[in-house]
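Read in order, the letters of the sequence shown are residues 114 to 445 in this note's numbering.
Here a beta-carbon is modelled for each residue, glycine too, at the ideal position from N, C-alpha and C.
Computed from a predicted model, the values in this text were never measured in an experiment.
Notes follow the structure.
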Amino acid sequence: MKARTVLFDELGGPEVLYLSDVEIGEPGPGQVRVRIDAFGLNRGEVFLRTGRYYYDAVLPGSRLGTEAAGVVEAVGRDVTGYATGDAVSIVAKPNDEGMSVHGVQAERVVVAAERLIRRPEHMDAVTGAAIWVPAFTSYGALVEVGGLRPGDDVVVTAASSSVGLAAVQIAAHLGARPIAVTRTGAKTDRLLAAGAAHVIAADDGDVARQVHALTGERGARLILDGVAGPGLPDLARAVAPDGMLIVYGSLDGRPTPLPMWWPINVYGYAVFHLFADEERVRRAETFITDGLRAGALAPVIDRTFDLADIAEAHRYMESNAQVGKIVVTVQH
């Protein structure tokens, strides 16, 4: 069986991406074959394609993608809990070879069963491809690591990203006060509609000063930062005493100096912290599923593209015009 698969043979812009029919076999022990109906785009895929990710692409024929949704088509030996016809989502899990080898941007994929999450009946494929990784990242950072409490002031940078919006929703849902930070004021109304109590435009200058003004000069107990770079020490000035600066991404791309405004708690977060503990995963799944059912959590879908337009989807991501998730759908 062959499946159209997103590949690239050299580093570069969206134009290096192409679709190719790749042979996929039957699932082996502990594996399943999934028909992909939708997959989400992430900034990490742009970084891998351009050579700026934390590991190198395996070239030629590198794959892409960590999160998708579809239906189980075949089940390998030793797989329990899943059967043909089950609606599922696929999420990232720790893997030495990464998405360059095991990417899920394709019509069909064979993946380890441990990467699956059963998709509730009310959840369509687009939602299933968009919700889990951003919500897992935000929940794990804010709740499991940061100990988010009602009444906390929570600053979220890169707030218009899918992770940033999930963090805003989670903070609001738990009774905290989310303060969204975005580059310009152009996305203010959409961030307020998503649940932000306040929006700070970084281009207006001195984010830390603005945070202190909004918090009665206390600063924020939690800051969730997806930007990093040379500005991190200045952002650290916005942390309240005994608060925490949690860094989960590096959109800036430049080296990040360590804040020296000690004492300060700085935590480098990756979603694999959550996946390393089954109880943490169970708590996260329950929290997210309940939040979706209650209407407190919902992925913000900015735009969908067809698989045939994968290069255009990447161009749109690089434009930074989106608010929320970009999803690619697969027609069968």
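In the DSSP annotation of this structure, the continuous segment of the alpha helix (DSSP H) that includes R162 starts and ends at R156 to T163. Here M236 carries a coil assignment [DSSP, helix/strand/coil]. Excluding sequence positions up to five before and after A424, its CB lies within less than 7 Å of the CB of P127, E128 and L130, all in the same chain and listed in chain order. Beta-bridge partners of T118 (DSSP): S133 and A219. For the pair R176 and Q218, the CB atoms are nearer than the 8 Å cut-off.
When the Cα atoms are used, L345 and I230 turn out to be separated by approximately 35 Å.
Contact annotation, L172 with D122: C-beta distance approximately 6 Å; criterion of less than 8 Å satisfied. Inclusion of V281 and A293 in the CB contact set at 8 Å is warranted, their separation being smaller than that value. For the pair R262 and V441, the Cα-to-Cα distance works out to about 35 Å.
Across the structure, R162 and G125 are spaced so that their CA atoms are roughly 6 Å apart.
Distance check between E186 and each of G138, G216 and Y166 places G138 closest, using alpha-carbon atoms only. Taking a C-beta distance under 8 Å as the contact criterion, A182 and S202 qualify as a contact pair.
Around the beta carbon of H215, 16 or more other beta carbons sit within 10 angstroms, so the residue counts as buried.
By alpha-carbon distance to T402, the top candidate from I283, A170, T301 and Y166 is I283. With fewer than 16 other beta carbons inside 10 angstroms of its own, G288 counts as exposed. For T179, there is no enclosing alpha helix (DSSP H), since its DSSP letter is neither H nor E.
Distance from the Cα of V258 is smallest, within the candidate group T369, P370 and L358, for L358. Cβ neighbours of P343 within its own chain (closer than 8 Å, five residues either side excluded): D365, R367, P368, T369 and P370. Going by C-alpha positions, E234 is about 15 Å away from A407.
With distances taken between CA atoms, G318 lies nearest to D347 out of L304, G308, D347 and E158. For the 8 Å CB-CB criterion, S213 and P247 do not form a contact. A205 sits in coil when the DSSP states are folded into three classes, being neither helix nor strand.
Here A397 really is in contact with L387; their C-beta atoms are around 6 Å apart, less than 8 Å.
Judged by beta-carbon spacing, A200 lies beyond the 8 Å limit of V188, meaning their Cβ atoms are not closer than that value.
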